[in-house]
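Taken in sequence, the protein lines are chains A and B.
Following numbering that gives the first Met the number 0, the residues of the first sequence are numbered contiguously, the last one being 431.
Following numbering that gives the first Met the number 0, the residues of the second sequence are numbered contiguously, the last one being 431.
For each residue, glycine too, the CB sits at the ideal point set by N, CA and C.
Reviewing the structure listed below.
2 protein chains.
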Amino acid sequence: MGSERRSIGIGLLGLGVVGAGVARILQEKAAVYARQIGYPLEIRRVLVRDPKKPRDVAVDPALITTNVREILEDPGVEMVIEVMGGEQPAYGYLLEALQAGKFVVTANKEVMAKHGAELLATARQRNVDLLYEASVGGGIPIIAPLKRDLLANDILSVTAIINGTTNYILTAMSRGVGSFDEVLADAQRLGYAESDPTNDVEGIDASYKLSILATLAFHMDVHPEHVYREGITKLAERDFAYARELGYAIKLLAIARKRDGAVELRVHPTLVPQDALLANVDGVLNAVEIEGDLMSRVLFQGPGAGSLPTTSAVVADALDAAVSISNSVYWPHSFRREAGLRVVPIDDVRSRYYLRLRVADQPGVLARIAGVLADARISIASVIQRELEGDGTAELVMMTHEAPEADLRRALDGMRALEGVDAVETMLRVRP
Amino acid sequence: MGSERRSIGIGLLGLGVVGAGVARILQEKAAVYARQIGYPLEIRRVLVRDPKKPRDVAVDPALITTNVREILEDPGVEMVIEVMGGEQPAYGYLLEALQAGKFVVTANKEVMAKHGAELLATARQRNVDLLYEASVGGGIPIIAPLKRDLLANDILSVTAIINGTTNYILTAMSRGVGSFDEVLADAQRLGYAESDPTNDVEGIDASYKLSILATLAFHMDVHPEHVYREGITKLAERDFAYARELGYAIKLLAIARKRDGAVELRVHPTLVPQDALLANVDGVLNAVEIEGDLMSRVLFQGPGAGSLPTTSAVVADALDAAVSISNSVYWPHSFRREAGLRVVPIDDVRSRYYLRLRVADQPGVLARIAGVLADARISIASVIQRELEGDGTAELVMMTHEAPEADLRRALDGMRALEGVDAVETMLRVRP
């Protein structure tokens, strides 16, 4: 458009909670943004599924369309902002927008986790940018600082609480509010959990976000299926009490960690020492800790979801893209791929472990269990044994020293086969 | 230099701990950085005071100079990295470098706090960038994210622990390690405090950093003398015990806060609720909490000092500048000034207060003190009274509800004049 430019044309895909927030903020702050960028940002078209649905934002009805072609094929749309969510049709639209040479801003973690590498490569080929700050950590600036710090640092690890629903549930359980099912029902009533909570409580959402962060941090194509994943549905209230007694909180951590030229990728409930900052990130808050060879450990913490924080991240990206568009220049961050980086199988991950077993309250059981651990060359750090409600069973909680997971699993099989061991109720890893 | 470019020429001012770190990292990571930027970063000259001093970094002796003209007048030096510290001569060198059209990276908080507005204006005129990430918060990325988030958000407040020395001392005192003087002596032995600790313990260093953050956050020229400042030298160990009993930690907070079109700017020891994240930032760590109208509260936490973290911030800035230089383009962030923003005098700041008084252990004293507070229309939230070592005196600790500071100061004068009041030992504000 060059010297005849009058504004920067935007096509908005989606007008749900975040889409309405973006439309409203672009209107409310239009004058400020225009002064900062040099041109006004102009929404030229808004794609919706149902144009009749009442919305809590005043968008000129003439802008509303149900036909995505009116956006993808309009040369006046230089930037597409996607806030529809879900893999399809969003993925197809974004790919096409990039191929058409449009800048893209997206909040879509599923698309970025599954197709990020391809979309970023397409953006590079077309010399446009694909920005996705809102896909991880809501209002927390994490993608942009990570890109920048990456330039100077080798990233050694990313450790994150990146799912607000599960952090809300774990925080409530740790405060004795109730069982998993009870707290989940509360969260659903309050709108913190969806009616089908699978994506959150099974760690799927966290594995998407970890894939996005690890792809960026380690210069490798990480897909959600590379991430070892365990959810929080099997945790019992008593695990939180024992963890506290031992000096730990239980958090659903997403961990990506370089070790000997390979990368650990895992999402699972984890014991975190009470004095660690991540142990004190409670409720729906998110936090991401980045460890670099120069910068040491830096923590970013804030609201991981919500309309306004997510809107903030989307608008910051849109303004970034607008600067590139208005200057007709864009410098692509280096997307070098590190050859030879492989994913560590969970069997080879070394960790300390928390174990809770239900055993017969009789002599010799502890000795036999200790023997099984010794055979697997796993040493015990501490033991708590408690009688249960006089039914002849006891509860045994053990913390081990570090061992490879394969050895621990073999030992657990051995314990289950022992006389006097009713069940291995819980196995949790301790934060590295 | 255009198409004939072969490298990006750097002049390094200073080869102390951070300077040596920068020189070493630019050597060690030369190949990675060259791949990312497209050109190698080449140190062409290093300014030192004493060329004979032994250094723990291998810099080609031919690059060492004691004559700053060899850097400022060399057209091959496109970027000046300043890591000398101190106001002069650094300020003069930076101004001249910018006037000569060189990009500048600095870690100098004193220069940025006192002359930042002038230097940034000079950079804009010459169409170059002045980057200063390392001047606040060491390795924590805070300036760059703040610039970016500023685009989308109105910043409402900045609340920070930005001096590692004082945070180390306060953390140790809260753990009962000893008195201020004892803990300071420890910190000096460990290298966490300088032999003349004035700049740190009186909050001067924190006021520099707050000036830099507030200038950026509120689009106004904040100078250190605008910042109300109290140090930590008068805190007693018993204050930490009382604070804990009342549910608070004591932290030296730097606070910049917009209120009714004016800005509060203050550095002072502050009671922070124990469950707030800032209360749990211990030791030499730094943390900055930014509150925006969209993004809500986001916390950045990490190592506030140290050679490698500071080097990380300087090198990240240098790479940013290199990208601009190699693309021959630079987009200046908006430096709009908000007219009419004024600084709130400390007398008008409203706060809750913690008071500790030494009083005669006799009937009627508490009633007279409560009367003085009532006359100033300050209401009491809680009271602890303790007998002291049988010498006929008692200690009275009170928490008040919110009141303007002028009213509280009048009440304190009234108390000091009361019969039975020996001394007002401590007055602390509570975090807003």
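Please decide whether residue 35 of chain A counts as near chain B, where near means a Cβ-Cβ distance under 8 Å. Counted from its first residue, the first sequence places residue 35 of chain A at position 36. Yes, residue 35 of chain A counts as interfacial toward chain B.
Span of the alpha helix (DSSP H) around residue 198 of chain A: Within the first sequence, residue 198 of chain A is the residue found at index 199, counting from 1. From DSSP, the alpha helix (DSSP H) with residue 198 of chain A extends over 197-200.
Residue burial classification, residue 202 of chain B (beta-carbon count within 10 angstroms, cutoff 16): For the purposes of this step, residue 202 of chain B is taken as residue 203 along the second sequence, with counting starting at 1. Buried, because 16 or more other Cβ atoms sit within 10 Å of the Cβ of residue 202 of chain B.
For residue 159 of chain A, go through chain B and note every residue whose CB falls closer than 7 Å to its CB, in chain order. Residue numbering aside, residue 159 of chain A sits at position 160 when the first sequence is read from its first letter. For residue 159 of chain A, there are no neighbours in chain B by C-beta distance under 7 Å, as the nearest C-beta there is about 14 Å away.
With distances taken between CB atoms, is the gap from residue 103 of chain B to residue 135 of chain B smaller than 8 Å? For this step, residue 103 of chain B is matched to residue 104 along the second sequence. For this step, residue 135 of chain B is matched to residue 136 along the second sequence. For the 8 Å CB-CB criterion, residue 103 of chain B and residue 135 of chain B do not form a contact.
Which one of B:253, B:76, B:5, B:127 has the shortest CA to CA distance from residue 287 of chain B? For the purposes of this step, residue 287 of chain B is identified with residue 288 of the second sequence, where counting begins at 1. Looking at the Cα atoms, B:253 is the closest of the given residues.
For residue 29 of chain A, tell me which candidate among A:428, A:317, A:397 has the shortest Cα-Cα distance. Start at 1 with the first residue of the first sequence, and residue 29 of chain A comes out as number 30. If we check each option's Cα against that of residue 29 of chain A, A:317 comes out closest.
Run through the segment 349-377 of chain B for me and flag every whole alpha helix (DSSP H) of 4 or more residues, listed as ranges in chain order. Complete alpha helix (DSSP H) runs here, min 4: 364-374.
Pull up the DSSP beta-bridge partners for residue 309 of chain B, would you. For the purposes of this step, residue 309 of chain B is taken as residue 310 along the second sequence, with counting starting at 1. Note: residue 309 of chain B is not bridge-paired with any residue in the DSSP secondary-structure output.
Identify the continuous beta strand (DSSP E) that holds residue 291 of chain B and give its terminal residues. Position 292 of the second sequence, counted from the first residue, corresponds to residue 291 of chain B. Its beta strand (DSSP E) spans residues 284-291.
Express the C-alpha separation of residue 159 of chain B and residue 280 of chain B in angstroms, rounding to a whole number. The residue labelled residue 280 of chain B in the question sits at position 281 within the second sequence. The residue labelled residue 159 of chain B in the question sits at position 160 within the second sequence. Straight-line measurement puts the Cα of residue 159 of chain B at about 10 Å from the Cα of residue 280 of chain B.
Kindly identify the DSSP beta-bridge partner or partners of residue 264 of chain B. What you label residue 264 of chain B is simply residue 265 of the second sequence in a count that begins at 1. Per DSSP, the beta bridge partners of residue 264 of chain B are B:255.
Using a cut-off of 8 Å between C-beta atoms, extract the partners of residue 198 of chain B located in chain A. Sequence index remark: in the second sequence, residue 198 of chain B carries index 199 (1-based). Below the 8 Å Cβ cutoff, chain A contributes no neighbours of residue 198 of chain B, its closest Cβ being approximately 23 Å away.
So, does the CB of residue 362 of chain A fall closer than 8 Å to a CB anywhere in chain B? Residue mapping note: residue 362 of chain A aligns to position 363 of the first sequence, counting from 1. No, no contact with chain B.
Assuming residue 354 of chain A and residue 423 of chain A make a contact with CB atoms under 8 Å, what is their CB distance in whole Å? Here residue 354 of chain A refers to the residue found at position 355 when the first sequence is read from its first residue. Here residue 423 of chain A refers to the residue found at position 424 when the first sequence is read from its first residue. Correct: roughly 7 Å between the Cβ atoms.
Would you say the segment 248-264 of chain B touches the segment 122-134 of chain B, given that touching needs at least three Cβ pairs under 8 Å? Contact fails: fewer than three Cβ-Cβ distances are below 8 Å.
For residue 381 of chain A, collect the residues of the same chain with a Cβ closer than 6 Å to its Cβ; drop the 5 residues on either side in sequence, then sort them by chain order. Numbered from 1 along the first sequence, position 382 holds the residue referred to as residue 381 of chain A. So the qualifying residues of the chain are 398.
Alpha-carbon to alpha-carbon, residue 352 of chain A and residue 69 of chain A: Counted from its first residue, the first sequence places residue 69 of chain A at position 70. Counted from its first residue, the first sequence places residue 352 of chain A at position 353. The straight-line gap from Cα to Cα measures roughly 56 Å.
I think residue 262 of chain B touches residue 217 of chain B, with their Cβ atoms under 8 Å apart; what is that distance to the nearest whole Å? Here residue 262 of chain B is taken as the residue at index 263 of the second sequence, counted from 1. Here residue 217 of chain B is taken as the residue at index 218 of the second sequence, counted from 1. Yes, residue 262 of chain B and residue 217 of chain B are in contact; Cβ-Cβ is about 5 Å, under 8 Å.
Residues in its own chain within less than 6 Å of residue 343 of chain B by CB, not counting five upstream and five downstream? Here residue 343 of chain B corresponds to residue number 344 of the second sequence, with the count starting at 1. Excluding the 5 residues flanking it on each side, residue 343 of chain B has same chain C-beta neighbours closer than 6 Å at 261, 263, in chain order.
DSSP-derived helix/strand/coil call for residue 432 of chain A: With chain A represented from 0 up to 431, any question about residue 432 of chain A goes unanswered, as that position is not in the structure.
Quick check on residue 173 of chain A: does DSSP put it in helix, strand or coil? Numbered from 1 along the first sequence, position 174 holds the residue referred to as residue 173 of chain A. Three-state DSSP puts residue 173 of chain A in a helix.
Contact list for the segment 122-138 of chain A against chain B, Cβ threshold 8 Å: Flagged, chain order: 138.
With 16 other CB atoms within 10 Å as the buried threshold, where does residue 412 of chain B fall? Here residue 412 of chain B is taken as the residue at index 413 of the second sequence, counted from 1. So residue 412 of chain B ends up on the exposed side.
With a threshold of 7 Å on Cβ separation, who are the neighbours of residue 88 of chain B within its own chain once the five nearest residues in sequence on each side are excluded? Along the second sequence, one-based indexing puts residue 88 of chain B at 89. The same chain holds no residue with a CB closer than 7 Å to that of residue 88 of chain B once the five nearest residues on each side in sequence are set aside.
Between residue 432 of chain A and the rest of its own chain, which residues show a CB-CB distance below 7 Å, the 5 nearest in sequence each way excluded? Chain A is shown from 0 up to 431; residue 432 of chain A falls before or after that span and cannot be answered.
Could you name the residues of the same chain whose beta carbon sits closer than 8 Å to that of residue 62 of chain A, not counting the 5 residues immediately before and after it, in chain order? Translated into the one-based positions of the first sequence, residue 62 of chain A becomes position 63. Contacts found: 42, 43, 44, 45.
Closest to residue 302 of chain A by CA distance: which of A:315, A:283, A:22, A:181 is it? Along the first sequence, one-based indexing puts residue 302 of chain A at 303. Looking at the Cα atoms, A:283 is the closest of the given residues.
In or out: residue 461 of chain A buried (at least 16 other Cβ within 10 Å) or exposed? The question about residue 461 of chain A has no answer, for chain A in this structure spans 0 to 431.
Starting from residue 133 of chain B, trace the alpha helix (DSSP H) in both directions and tell me its first and last residue. Mapped onto the second sequence, residue 133 of chain B falls at position 134. DSSP places residue 133 of chain B in no alpha helix (DSSP H); its state is neither H nor E.
I need the straight-line Cα distance from residue 33 of chain B to residue 212 of chain A, nearest angstrom please. Here the question's residue 33 of chain B lines up with position 34 in the second sequence. Here the question's residue 212 of chain A lines up with position 213 in the first sequence. Cα-Cα distance, rounded: 24 Å.
Under 7 Å Cβ to Cβ from residue 39 of chain B, same chain only, skipping five residues before and after it: list those, please. Here residue 39 of chain B refers to the residue found at position 40 of the second sequence. Same-chain partners within the cutoff: 6, 29, 33.
Please report the Cβ distance between residue 138 of chain B and residue 392 of chain B, rounded to the nearest whole angstrom; I am assuming they are in contact, meaning their Cβ atoms lie under 8 Å. The residue given as residue 138 of chain B occupies position 139 in the second sequence. The residue given as residue 392 of chain B occupies position 393 in the second sequence. Between residue 392 of chain B and residue 138 of chain B the Cβ distance is about 48 Å, and since that is not below 8 Å, they are no contact.
Per DSSP, what kind of secondary structure is residue 459 of chain A in: helix, strand or coil? Because chain A here runs from 0 to 431, residue 459 of chain A falls outside it and cannot be looked at.
Hey, does residue 187 of chain B have any beta-carbon neighbour from chain A nearer than 8 Å? The residue you call residue 187 of chain B lines up with position 188 of the second sequence. Contact of residue 187 of chain B with chain A is not assigned, every C-beta pair being separated by 8 Å or more.
Given a cut-off of 8 Å on the beta-carbon distance, is the pair residue 219 of chain A and residue 123 of chain A in contact? Translated into positions along the first sequence, residue 219 of chain A becomes position 220. Translated into positions along the first sequence, residue 123 of chain A becomes position 124. No, the pair does not count as a contact, with Cβ atoms beyond the cut-off.
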